[in-house]
Structures are given as C-alpha cells and as structure tokens.
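Under the numbering used here, the first residue of the sequence shown carries the number 209, and numbering increases by one thereafter.
Here is the structure we will look at, set down as structure tokens.
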Amino acid sequence: PFYANVSATPEYLANTTAEVSTGSFYWSSRMIAAMADASYSTSVFHIERYRLAVEAQGHALLNRYDEKLRREADGVKRAALRERANREIADMLKRETADTLGKVLFELSGRM
C-alpha cells in the first residue's frame with residue numbers, strides 16, 4: 209500500500225531497467241517467483257510469510273501516517289508526510305523482499 213498524490217516514488221519501485229538487479233522490486237520479485245516455482249514445496253511457506261509480513265507492516269505504517277496526516281493541516285507538510293511514508297514502506301518492502309529472496313534461493317540451491 210502506498211499514498212497517492214506524491215511527486216516522487218521511491219527508487220526501489222520507480223525505475224526498472226533491462227539490467228537484472230536486486231535493487232529493483234520488479235527484478236527481485238521475478239527472481240523470487242522463478243526460484244519459488246522451481247522449489248514450490250519447500251518455498252511456499254516463505255512466500256506466504258513474506259506476503260503476510262509486508263501486508264501487516266505496510267498497513268501498520270499507513271495507520272501511523274494516517275494519524276499524522278489527520279493532525280497536519282498544511283498541504284505542503286501533508287505531501288511531505290505522504291512521501292516519507294512511501295519511502296518507509298519501500299524500505300520495509302526492500303528488506304522483506306531481500307530476506308525472502310535469500311530464503312527461497314537457499315531452498316532451491318539445496319536441491320542442486
């Protein structure tokens with residue numbers, strides 16, 4: 209979940225290039241999907257935990273920032289709060305994605 213009406217999107221989500229990189233959510237999620245598909249029976253619970261963790265933490269951050277936004281009347285400061293929230297959400301997503309990528313890679317490499 210992200211806030212709309214912002215002038216910038218966090219880099220991890222905004223720019224996808226043709227170069228495969230874990231610095232991009234697009235490529236990280238594709239790598240997770242490809243490896244989890246090949247090791248489904250041992251990776252599925254990592255994917256489920258990842259999805260639940262990102263959803264729960266994302267909503268917790270939104271709830272925290274919703275409260276800050278309710279208390280702020282200034283439009284410029286409200287926009288800055290939305291962008292800061294989106295950065296925090298993207299940072300959390302990047303951490304959780306990297307963690308899950310490592311776990312799924314471990315599961316698949318154990319089959320080699």
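In this text, a Cβ means the ideal position worked out from N, Cα and C, and glycines have one as well.
{"Asked": "Considering Cα atoms alone, identify which of D245, M239 and D299 is closest to G266.", "Found": "D299"}
{"Asked": "Measuring only the C-alpha atoms, how far is T217 from S249?", "Found": "35 Å"}
{"Asked": "Mark R278 as exposed unless 16 or more other C-beta atoms lie within 10 angstroms of its C-beta, in which case mark it buried.", "Found": "exposed"}
{"Asked": "Using three-state DSSP, classify Y211 as helix, strand or coil.", "Found": "coil"}
{"Asked": "Between the Cα of L316 and those of A246, E304 and R295, spot the shortest distance and give me the residue it belongs to.", "Found": "A246"}
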